[in-house]
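full-length UniProt numbering puts the sequence shown at residues 1 to 80. For each residue, glycine too, the CB sits at the ideal point set by N, CA and C. Predicted model, so just to flag it, every value in this text is computed and none were measured. Working notes, structure below.
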Amino acid sequence: EYGSKFFVMKEGTVAVFRDETEVNTLSAPSTFGEAALLTSLPRNATIRVTSEQAKCAYLDREAFLNLLGPLADLVSRKVT
1 EYGSKFFVMK
11 EGTVAVFRDE
21 TEVNTLSAPS
31 TFGEAALLTS
41 LPRNATIRVT
51 SEQAKCAYLD
61 REAFLNLLGP
71 LADLVSRKVT
């Protein structure tokens with residue numbers, strides 16, 4: 001599945017899974033989703049809420065790339 005959003009955690013905790021194996025835990029104020037937006041490749045992980053609740057804000061691809069502006073190419077090279 002291709003990613004279309006960059007997420008900023010405002011509250012809660014989530015687990016990061018790759019191939020059904022938990023590889024990381026993130027807590028607010030962590031971010032996720034940037035790799036799929038910068039590379040146009042399918043998502044490389046699945047996020048599951050592990051706390052009672054979680055709240056996130058998000059930016060769609062266009063807003064995310066506009067926010068990065070000229071840094072998008074530099075950041076993209078570091079992600080790939």
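Does residue i pass the burial test, meaning 16 or more other C-beta atoms within 10 Å, or should it be called exposed?
i: Ala-36; result: buried
i: Gly-3; result: buried
i: Leu-59; result: buried
Measure the Cβ-Cβ separation of residue i and residue j and say whether it is below 8 Å.
i: Thr-39; j: Val-14; result: no
i: Lys-5; j: Gly-33; result: yes
i: Phe-17; j: Arg-43; result: no
Kindly indicate which three-state DSSP category residue i falls into: helix, strand or coil?
i: Thr-50; result: coil
i: Arg-43; result: coil
i: Glu-20; result: coil
i: Ala-57; result: strand
i: Glu-62; result: helix
i: Ala-36; result: helix
How long is the line joining the alpha carbons of residue i and residue j, rounded to whole angstroms?
i: Leu-71; j: Phe-64; result: 11 Å
i: Leu-68; j: Phe-7; result: 14 Å
i: Glu-22; j: Glu-1; result: 19 Å
i: Asn-19; j: Glu-11; result: Correcting the residue identity first, residue 19 is Asp in this sequence and not Asn. Using only the alpha carbons, I get a separation of about 25 Å.
i: Thr-25; j: Thr-46; result: 11 Å
i: Pro-29; j: Met-9; result: 5 Å
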